[in-house]
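S.K.: So that we are looking at the same thing, I have put the structure below in structure tokens.
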Amino acid sequence: AAVQAVADGGMLCITSTDMPILNGNNPETCFARYGGTSLKSGYVHEMALRLVLHAVASSAAKYGREARPVLSCSIDFYIRLFVRIFDSPARAKYQASKTAVVHQCVQCESFFVQPMGEAAPPGEDVKESQRFRTAR
């Protein structure tokens, strides 16, 4: 509802005090609320920011809008994100190219990021139907 209420080009400030859930203590609850789960690692606060941003951007894309992050902070027991919301059905379609799955080794904490999709560069001359494709 907040994503729909913001005017084109407006700023949305999101504050979440849901850190125990976002830090991976309840992965099933985190998935239900934010569309992903966190990994218990040294970068849990960054992962929490990314999960909330993913939830906001996915919600915006459902309404043909784009959420562009401006600033994100992890402070003490909460996180805060500032995003600008734009009416852009064409750019909303590229949300999958900004989304990825993180695979992490349980022994050494090395990780690999697997994108969900890839978008053709803006200057590339391709058909509109071929601008986005699943990642390889």
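Our numbering numbers the first residue of the sequence shown as 361 and each following residue consecutively. Idealized CB from N, CA, C, for every residue including glycine. Everything numeric in this text was worked out from a predicted model, so none of it was measured.
What is the DSSP secondary structure of residue 431, counted as helix, strand or coil?
M.R.: Taking the sequence shown and counting its residues from 1, one reaches residue 431 at position 71. In the structure shown, residue 431 sits in a strand (DSSP, three-state: E or B).
S.K.: How far does the beta strand (DSSP E) with residue 371 in it extend, from its first residue to its last?
M.R.: Along the sequence shown, read from residue 1 onward, the residue named residue 371 stands at position 11. Residue 371 -> beta strand (DSSP E) spans 370-376.
S.K.: Name the one or two DSSP bridge partners that residue 406 has.
M.R.: Translated into the one-based positions of the sequence shown, residue 406 becomes position 46. Note: residue 406 sits in no beta bridge, so no partner.
S.K.: Are residue 426 and residue 448 closer than 7 Å when you measure CB to CB?
M.R.: Residue 426 sits at position 66 when you count from the first residue of the sequence shown. Residue 448 sits at position 88 when you count from the first residue of the sequence shown. Yes, they are a contact pair.
S.K.: I'd like to know if the region 463-476 and the region 406-413 are in contact, where contact means that at least 3 CB-CB pairs between them fall below 8 Å.
M.R.: no
S.K.: Do you know how far the Cα of residue 375 is from the Cα of residue 493?
M.R.: Reading the sequence shown from its first residue, position 133 is the one you call residue 493. Reading the sequence shown from its first residue, position 15 is the one you call residue 375. Each residue's CA atom was taken as its position, placing residue 493 and residue 375 some 33 Å apart.
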